[in-house]
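To convert, note that position 46 of the sequence shown is 105 in the working numbering; the numbers rise steadily by one, no gaps.
All residues carry an ideal CB built from backbone N, CA and C; glycine is no exception.
Treat the numbers as computed from the prediction; the structure is a model and nothing was measured.
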Amino acid sequence: MLDNLQLLFVWAPVINIQIILEGIFVGAVFALSAYGLALVWGVMNIKNLAQGDFVIMGGYMALALTSANVHLALTMAIVIVTMFIYGWVVYVVMIRRIIDQDMFVSLLATFGLSLLMQQVMNLIFGPEVQTIDMELPVYEAFDGMVTIPSSKIISLIMAAIIAVTVILFMKKSRTGQAIRATAQDARAARVLGIDTDRVYAFTFAFNAALCGAAGVLVSIIWVIQPFYGITYSVRTFAIVTAAGLGNLPGVISAGFGIGLFEKYTGMIMGTAYEVAAPVSILLLVLIWRQISMRRNRQVVK
């Protein structure tokens with residue numbers, strides 16, 4: 060650890076560039092799935108523990124399509140549409156029945172869905188770690204100390220395009236406005252004539268589509284494995300907890316911040332601690348909010 064700290068300060072400008080770039084890549088990709096979770100959480104009050112498994116499922120679909128020589132852009136479109144349909148089916152079959160139940164029921168139901176998805180993906184694709192080999196060039200700087208794979212640049216651009224599209228959709232479209240209205244007050248939305256059941260179904264399907272898009276990007280720049288969903292779920296929950304619900308710019312900012320913290324933790328303490336970084340942020344945010352709530356209660360008293 061001390062050697063890593065010394066290396067970080069001696070080669071600070073160069074190493075910081077590499078770490079910042081890696082943190083941006085992490086934040087951009089997982090901001091998509093985190094925003095989907097924020098929508099489902101804010102609109103339906105469902106904490107989806109299968110969020111990371113949706114990401115892995117999208118990654119495996121991308122792996123299968125690219126293995127069949129399907130273009131990456133077409134692969135992304137197919138995965139988004141397919142995951143949207145899958146999310147709608149999951150809502151109709153399961154989520155609709157637990158919306159009015161307490162939080163514990165939704166946690167158990169989505170945890171069961173997570174286990175089911177893991178086993179099905181393990182049965183179909185096997186337990187091996189896999190990735191999509193794009194065979195694209197890697198750009199280097201500072202005598203090779205800073206490396207930027209073309210695949211990560213492509214993923215960042217695609218994530219930015221999807222994020223801008225989502226922002227415009229949520230602000231300009233009638234469906235996006237209906238989602239926001241339902242999130243604020245579902246009962247008032249029903250009075251205004253909004254079909255909240257349809258909004259719930261669309262929101263969950265939209266979340267699955269965003270996870271699928273994130274899964275495509277993950278399969279390009281990292282690795283996928285049937286049981287990696289939990290690590291991705293932890294990242295998304297940490298981002299949403301830090302950013303709040305329904306705020307895409309805030310989710311993106313939190314994603315970048317957590318991505319940077321994760322990469323700096325890996326640099327200083329070792330890559331084995333990278334997964335622990337989002338968990339520590341999640342715990343710190345929860346503790347801070349609990350302290351703030353207690354202070355507010357004391358002021359009210």
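Between Y150 and A260 the beta-carbon gap is near 5 Å, inside 8 Å, which marks them as a contact. In the DSSP annotation of this structure, the continuous segment of the beta strand (DSSP E) that includes V205 starts and ends at V205 to P208. By the Cβ rule, the stretch 107-119 counts as touching the stretch 277-289, because three or more pairs are nearer than 8 Å. Judged by pairs of C-beta atoms under 8 Å, the stretch 310-322 touches the stretch 81-91, as three or more such pairs exist. Using a Cβ distance threshold of 9 Å, T262 and M142 do not count as a contacting pair. Bounds of the alpha helix (DSSP H) holding P308 are L307 to M328. In this structure V299 touches L96 by the C-beta definition: roughly 5 Å separates them, less than 8 Å. Counting the other Cβ atoms within 10 Å of the Cβ of I346 gives fewer than 16, which makes it exposed.
In this structure, the CA atom of F170 is about 15 Å from the CA atom of Q160.
Excluding sequence positions up to five before and after Y94, its CB lies within less than 6 Å of the CB of L307 and V310, all in the same chain and listed in chain order. Counting along the chain, the unbroken alpha helix (DSSP H) around M135 starts and ends at L131 to V149. Annotation for Y145: A267 place their beta carbon closer than 7 Å to its own, counting only its chain and skipping 5 residues before and after. In this structure, the alpha-carbon of M135 lies about 7 Å from that of V275. According to the DSSP assignment, F296 belongs to the alpha helix (DSSP H) that extends over G288 to A302. For Y198, DSSP records a beta bridge to I207. A distance below 6 Å between beta-carbons, with the five flanking residues on each side excluded, links A90 to the following residues of its chain, in chain order: V310, I311 and G314.
Sixteen is the threshold: when 16 or more other Cβ atoms of the shown chains lie within 10 Å of the Cβ of P337, as they do, the residue is buried.
Per the DSSP secondary-structure output, Q189 pairs in a beta bridge with I283.
Secondary structure at D159: coil, using DSSP grouped into helix, strand and coil. Remark: C-beta atoms of L108 and S173 approach each other more closely than 9 Å. K230 carries a helical assignment under DSSP once its states are collapsed to helix, strand and coil. Per the coordinates, the alpha-carbon of E321 lies some 14 Å from the alpha-carbon of V88. With respect to the 9 Å criterion, W147 and A264 are classified as neighbours on the basis of their beta carbons. With at least 16 other beta carbons inside 10 angstroms of its own, G325 counts as buried. Residue range Q110 to S126 is occupied by the alpha helix (DSSP H) that includes G117. About 5 Å separates the Cβ atoms of A237 and V258, confirming a contact at the 8 Å cut-off. Annotation for A335: T324 place their beta carbon closer than 8 Å to its own, counting only its chain and skipping 5 residues before and after. V205 and L342 have their C-alpha atoms spaced approximately 32 Å apart.
The DSSP-derived three-state label of E81 is helix.
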